[in-house]
Amino acid sequence: SIIGHSAFANCSSLTSIMLPDSVTQISDSAFANCLNLKSITVSDSVTEIGEGAFSLCSSLKSITIPNSVSVIKKSTFENCLSLKSITIPASVNKIEEYAFENCSNLTDITLPASFIEREAFWGCSNLKNVIISDFVTEIGNGTLGVFQHITNIILPNSITKIRENAFRSFSDLTNIILPDSVREIGRGAFQDCSRLKSITIPASVNKIEENAFKNCSNLTDITLPDSVREIVKRTFQWNPGLTKLKFKILS
Numbered sequence: 015s016i017i018g019h020s021a022f023a024n025c026s027s028l029t030s031i032m033l034p035d036s037v038t039q040i041s042d043s044a045f046a047n048c049l050n051l052k053s054i055t056v057s058d059s060v061t062e063i064g065e066g067a068f069s070l071c072s073s074l075k076s077i078t079i080p081n082s083v084s085v086i087k088k089s090t091f092e093n094c095l096s097l098k099s100i101t102i103p104a105s106v107n108k109i110e111e112y113a114f115e116n117c118s119n120l121t122d123i124t125l126p127a128s129f130i131e132r133e134a135f136w137g138c139s140n141l142k143n144v145i146i147s148d149f150v151t152e153i154g155n156g157t158l159g160v161f162q163h164i165t166n167i168i169l170p171n172s173i174t175k176i177r178e179n180a181f182r183s184f185s186d187l188t189n190i191i192l193p194d195s196v197r198e199i200g201r202g203a204f205q206d207c208s209r210l211k212s213i214t215i216p217a218s219v220n221k222i223e224e225n226a227f228k229n230c231s232n233l234t235d236i237t238l239p240d241s242v243r244e245i246v247k248r249t250f251q252w253n254p255g256l257t258k259l260k261f262k263i264l265s
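The opening residue of the sequence shown carries number 15 in the numbering used here; numbering runs sequentially from there.
What follows is the structure, given as structure tokens:
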């Protein structure tokens, strides 16, 4: 069954929803502007959540998106001001523009490195921590571009490649731990990460491309394993704060 367009929109006294397994689709704006809606249970039978389905639900604190959903559509959770955390399941391959716009209390998010449109998290001013799901093997160019102002990223042990410009110009990034599974760090991967202070390259890495850590102006400490056979041109260029370079000899 389907919950139709704007079916429960503007129901300001609605506080909780539990949808039955018979529901397969939540249409556009179905629960929009339900100002006192605090919780909703969405079953795995739901395969589609429409544009703006929960927009302006300013009291909604959390929601679990079922594994049956593949796209988080435009403005789905826009202006959900009380939303603090959300887990995006592995089934999601696209997060459309404005999906979480102005979720100003959202601080933590777990997500697959699926296709994320540029303004999907626009206005999420308190978003600080991003956890990448543990089935992702590569971080591509522009995949995480919407998170350029976060401070902390946790990468899973499944990551083998950090591709070209993956974290370029993440100007507030202070901490990232590269897991032992990483083999390649692409061209410009961390270029212009102006607040990054230290980095340890794991022993699994055998290739660091050009400009990978160029212009990381606060980078002071680098540890390199002997698995890195070549340091190419401009890899660490324009790092005026670099005071300590350690080569780790592997036994």
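Don't be surprised by glycine CBs; every beta carbon is placed ideally from N, CA and C.
Restricting attention to beta strand (DSSP E) runs no shorter than 3 residues, the segment 68–110 encloses them at 99–101, ordered along the chain. Rounded to the nearest whole angstrom, the CA to CA distance from Asp194 to Ala44 is 45 Å. In the DSSP assignment, Gln205 forms no beta bridge with any residue.
A check of alpha carbon separations from Leu187 across Ser36, Asn232, Leu259 and Ile123 identifies Asn232 as the nearest. Between Ile176 and Ala217 a beta carbon distance of about 16 Å is seen, past the 8 Å cut, so the two are scored as non-contacting. The Cβ atoms of Lys98 and Ser73 lie no closer than 8 Å to each other. With fewer than 16 other beta carbons inside 10 angstroms of its own, Ser27 counts as exposed. For Arg248, the closest C-alpha among the options Asp206, Asn116, Ser241 and Lys87 is that of Asp206. Between Ile17 and Ile54, the C-beta spacing is not below 8 Å. According to DSSP, residue pairing for Ile40 in a beta bridge involves Ile17 and Ile63. With respect to the C-alpha of Ser41, the residue from Asn143, Pro126, Gly66 and Ile167 having the closest C-alpha is Gly66. As the crow flies, the alpha-carbon of Leu238 is around 26 Å from that of Asn143.
Excluding five sequence positions before and after Asn179, the CB atoms of its chain that fall closer than 6 Å to its own CB belong to Asn155 and Gly202, given in chain order.
Secondary structure of Val144 (DSSP, three-state): strand. At a Cβ-Cβ threshold of 8 Å, Leu125 and Ile146 count as neighbours.
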